[in-house]
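Visitor: One structure, as structure tokens, below. Some questions next.
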Amino acid sequence: MKAKVKCPTCQKEIEWSPLFPYRPFCSERCKLIDLGAWASGEFAIAGEPATPLDEHYQTEDPKLH
Ligand SMILES: [Zn+2]
């Protein structure tokens with residue numbers, strides 16, 4: 311009996327086997343969709359600094375010293 315997993319992108323059930331080289335995704339397409347979702351910030355962690363460059367600029371501002 312082979313283990314089954316669900317594709318995180320489309321919920322399709324696949325076998326955990328070399329038949330599915332992109333597991334846990336069912337296909338390369340689903341893998342890319344998932345990576346794209348992360349890159350676009352859909353799953354961004356709340357509270358993470360959105361503009362680290364602004365923070366840097368403030369510490370370098372001579373008026374603050
Ligand atoms: Zn899929």
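Using this note's numbering, read the sequence shown as starting at 311 and increasing by one per residue.
Yeah, the Cβ is synthetic: ideal placement off N, Cα and C, and Gly gets one too.
Considering only heavy atoms of ligand 1, does any lie closer than 6 Å to the CB of Lys322?
Guide: Working through the sequence shown from its first residue, we reach residue 322 at position 12. Yes; taking the cut-off as 6 Å, the Cβ of Lys322 has a heavy atom of ligand 1 nearer than that.
Visitor: May I ask you to report which of helix, strand or coil DSSP gives Cys316?
Guide: Within the sequence shown, numbered from 1, the residue matching residue 316 stands at position 6. The question names Cys, but residue 316 is Lys in the sequence shown. DSSP places Lys316 in strand when its eight states are reduced to three.
Visitor: For Ile324, which beta-bridge partners are listed by DSSP?
Guide: Walking along the sequence shown from the start, residue 324 turns up at place 14. Per DSSP, Val315.
Visitor: Taking 7 Å as the cut-off, decide whether the C-beta atoms of Lys314 and Cys336 are in contact.
Guide: Taking the first residue of the sequence shown as position 1, residue 314 is located at position 4. Taking the first residue of the sequence shown as position 1, residue 336 is located at position 26. No, the pair does not count as a contact, with Cβ atoms beyond the cut-off.
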